[in-house]
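Since the structure comes first, as structure tokens, the remarks are kept for the end.
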């Protein structure tokens, strides 16, 4: 009896076509995507029928957490020619310097922001600590910063003098006297917004005037009084035109 | 990974070049690409969020007579209220509303009954309008009918989209039509969602004149006299 010879067949599959497809897909995703911004609190925005897209350049995002903590995120001009002067990082650095100087002029206390702090600040997507504690906050490493901002009420995280109540740009009144001797009340949130508005970047000021430069973002379930507080502060500094972030309404809504 | 196979033909002519077939195994390459794709898919936002623009009045004092320009017959006041469940999640968004100047009966200092009504954000089922949308729609009928006529023209390609938008804007701001002035008054407890929903209704119903205000003491008094409000807030901690 002759042995039945099993023919050995090669199991090689030509993967070239598959590779082509995946590379194409990869290119597509890399070109069309914008990275998710890291945000200290996750919020689900309410839905609306409005179809205006959020701008990605020359906009300040004001994120209001359900507890009323406010985080700001500055996005500068997207034009690469202006990146050095008015780009996101340049604007962040400028804003921090302006506010630190402003704070010192108004309260007499120096927040002690160093050049290293400014470099670190420029890399952070959003911020929300009082200016007087900014130096201490920026001295922490990234994981500690995240742990501090992302803490929950039942698990408080304390680093040095940074307490859970230090999360968010403060709205505490700062009273000072102007040159004419009039008493003026302001707060750090207003100081930040003014610093951004008066920055060297003319496009930013223009965008804020038109109402596209400020985007307020908050959760569906946040109480109106919490947000009204923020809106009220914006009105006080005459930034009464702004936009509100919403999600696109689906059929079910 | 890569291998070179010689074509194993039987007899070969002398001097003929050997045919080489080069196989490169792309499997690891595909693996890596797939991983990268997965990474990009998970880390990116494809849909940008939408925005709704709002203009608020300045905080500066405005002369009282300038404020009361709105004709009483045109005014609609919406008071927004939200109830929450035990976990603090939104249970229900309710709208209390009245037209023009509110009418109410007083017993001593307490308001006992008023012309205030209750509604909800319901949207539409098919072509049928429900809830507050129907009420606002009826109030703004003049404008909506004319806009609808223009839209019909646009659908039939008689005018371009720009022309339609232009015409719609003109109609919305035509002072000869009866157009409502809506005053949205969210209570302190009202959810952000309900404020946005109310602003949304303005867009849907093509209402060009609206403002956000604060409830007056009378509004609160009338609210407290509403059986619906009492029922919704019966379990609230004082």
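Chains as they are written, first to last, in this note's numbering: chain E, 908 to 1160; chain P, 132 to 369.
Think of the CB as a built atom: it goes at the ideal place given N, C-alpha and C, for glycine as much as any other residue.
Start-to-end residues for the beta strand (DSSP E) that takes in residue i
{"i": "residue 967 (chain E)", "result": "966-971"}
{"i": "residue 154 (chain P)", "result": "151-155"}
{"i": "residue 1093 (chain E)", "result": "1090-1093"}
{"i": "residue 266 (chain P)", "result": "No beta strand (DSSP E) contains residue 266 (chain P), which is instead part of the alpha helix (DSSP H) from 262-270."}
{"i": "residue 342 (chain P)", "result": "341-343"}
{"i": "residue 238 (chain P)", "result": "235-238"}
{"i": "residue 241 (chain P)", "result": "241-245"}
For residue i, the three-state DSSP class (helix, strand or coil)
{"i": "residue 1152 (chain E)", "result": "strand"}
{"i": "residue 1078 (chain E)", "result": "coil"}
{"i": "residue 223 (chain P)", "result": "strand"}
{"i": "residue 317 (chain P)", "result": "strand"}
{"i": "residue 963 (chain E)", "result": "coil"}
{"i": "residue 974 (chain E)", "result": "coil"}
{"i": "residue 949 (chain E)", "result": "coil"}
{"i": "residue 384 (chain P)", "result": "Lying before the first or after the last residue shown, residue 384 (chain P) is absent from chain P, which here runs from 132 to 369."}
{"i": "residue 255 (chain P)", "result": "strand"}
{"i": "residue 1140 (chain E)", "result": "helix"}
{"i": "residue 918 (chain E)", "result": "coil"}
{"i": "residue 1125 (chain E)", "result": "strand"}
{"i": "residue 278 (chain P)", "result": "helix"}
{"i": "residue 924 (chain E)", "result": "helix"}
{"i": "residue 206 (chain P)", "result": "strand"}
{"i": "residue 291 (chain P)", "result": "coil"}
{"i": "residue 312 (chain P)", "result": "strand"}
{"i": "residue 175 (chain P)", "result": "strand"}
{"i": "residue 249 (chain P)", "result": "strand"}
{"i": "residue 1021 (chain E)", "result": "coil"}
{"i": "residue 912 (chain E)", "result": "coil"}
{"i": "residue 284 (chain P)", "result": "helix"}
{"i": "residue 1001 (chain E)", "result": "helix"}
{"i": "residue 353 (chain P)", "result": "helix"}
{"i": "residue 148 (chain P)", "result": "coil"}
{"i": "residue 164 (chain P)", "result": "helix"}
{"i": "residue 1146 (chain E)", "result": "coil"}
{"i": "residue 1046 (chain E)", "result": "helix"}
{"i": "residue 1016 (chain E)", "result": "coil"}
{"i": "residue 346 (chain P)", "result": "coil"}
Whole-number beta carbon distance between residue j and residue i, since they are thought to touch under 8 angstroms
{"i": "residue 1144 (chain E)", "j": "residue 1101 (chain E)", "result": "6 angstroms"}
{"i": "residue 327 (chain P)", "j": "residue 956 (chain E)", "result": "Contact flag wrong, Cβ pair sits at about 10 angstroms."}
{"i": "residue 341 (chain P)", "j": "residue 315 (chain P)", "result": "6 angstroms"}
{"i": "residue 283 (chain P)", "j": "residue 298 (chain P)", "result": "Wrong, their Cβ atoms sit about 12 angstroms apart, outside the cutoff."}
{"i": "residue 968 (chain E)", "j": "residue 1120 (chain E)", "result": "Not confirmed; about 10 angstroms, so no contact."}
{"i": "residue 164 (chain P)", "j": "residue 933 (chain E)", "result": "6 angstroms"}
{"i": "residue 279 (chain P)", "j": "residue 264 (chain P)", "result": "At roughly 15 angstroms, the Cβ-Cβ gap does not stay under 8 angstroms, so residue 279 (chain P) and residue 264 (chain P) are not in contact."}
{"i": "residue 922 (chain E)", "j": "residue 157 (chain P)", "result": "3 angstroms"}
{"i": "residue 210 (chain P)", "j": "residue 354 (chain P)", "result": "7 angstroms"}
DSSP beta-bridge partners of residue i
{"i": "residue 1130 (chain E)", "result": "P:322"}
{"i": "residue 212 (chain P)", "result": "P:225"}
{"i": "residue 853 (chain E)", "result": "Since the first residue of chain E shown is 908 and the last is 1160, residue 853 (chain E) is not available in this structure."}
{"i": "residue 1034 (chain E)", "result": "E:979"}
{"i": "residue 1066 (chain E)", "result": "E:1069"}
{"i": "residue 1011 (chain E)", "result": "The partner list for residue 1011 (chain E) (beta bridge, DSSP) is empty, contrary to what the question assumes."}
{"i": "residue 1083 (chain E)", "result": "E:1091"}
{"i": "residue 954 (chain E)", "result": "E:1154"}
{"i": "residue 230 (chain P)", "result": "P:207"}
{"i": "residue 1059 (chain E)", "result": "E:1062"}
Start-to-end residues for the alpha helix (DSSP H) that takes in residue i
{"i": "residue 363 (chain P)", "result": "358-363"}
{"i": "residue 1050 (chain E)", "result": "1049-1056"}
{"i": "residue 1110 (chain E)", "result": "1109-1117"}
{"i": "residue 990 (chain E)", "result": "990-993"}
Residues that residue i contacts on chain C, provided the C-beta gap is smaller than 7 angstroms
{"i": "residue 937 (chain E)", "result": "Looking for chain C here will not work: the only protein chains present are E and P."}
Any residues in the region 326-342 of chain P with a beta carbon nearer than 8 angstroms to a beta carbon of chain E? Which ones, in chain order? 326, 327, 328, 330, 331, 334 and 335
Between the region 1108-1125 of chain E and chain P, which residues of the former have CB atoms less than 7 angstroms from a CB of the latter, in chain order? 1118, 1122 and 1125
Which residues of the region 202-230 of chain P have a Cβ closer than 9 angstroms to any Cβ of chain E? Give them in chain order. 211, 213, 215, 219, 220 and 221
Contact residues within the region 147-172 of chain P, judged by C-beta distance below 8 angstroms to chain E: 154, 155, 156, 157, 158, 160, 161, 164, 165, 167, 168, 171 and 172
Relative to chain E, which residues along the region 305-327 of chain P have a C-beta separation below 9 angstroms, given in chain order? 317, 318, 319, 320, 321, 322, 323, 324, 325, 326 and 327
Taking a Cβ distance cut-off of 8 angstroms, strictly less, list which residues of the region 1002-1032 of chain E are near chain P, in chain order. none
Please list, in chain order, the residues of the region 1147-1158 of chain E that have any C-beta partner in chain P closer than 8 angstroms. 1147, 1148, 1149, 1150, 1151, 1152, 1153, 1154, 1155 and 1156
Anything in the region 350-369 of chain P with a Cβ closer than 7 angstroms to a Cβ of chain E? List those residues in chain order, please. none
In the region 947-963 of chain E, which residues sit with their C-beta less than 7 angstroms from some C-beta in chain P, listed in chain order? 952, 953, 955, 956, 957, 958, 959, 960 and 961
Please identify, using Cβ separations under 8 angstroms, the residues of the region 248-276 of chain P that lie next to chain E, in order along the chain. 254
Positions along the region 959-993 of chain E whose CB lies within less than 7 angstroms of some CB in chain P: 959, 960 and 961
Tell me which residues of the region 1128-1143 of chain E have at least one Cβ-Cβ distance to chain P shorter than 9 angstroms, keeping chain order. 1128, 1129, 1130, 1131, 1132, 1133, 1134, 1135, 1138, 1139, 1141, 1142 and 1143
Which residues, taken in chain order from the region 1047-1079 of chain E, show a beta carbon closer than 8 angstroms to some beta carbon of chain P? none
Residues from the region 915-928 of chain E in contact with chain P, defined by Cβ distance under 7 angstroms: 919, 922, 923, 925 and 926
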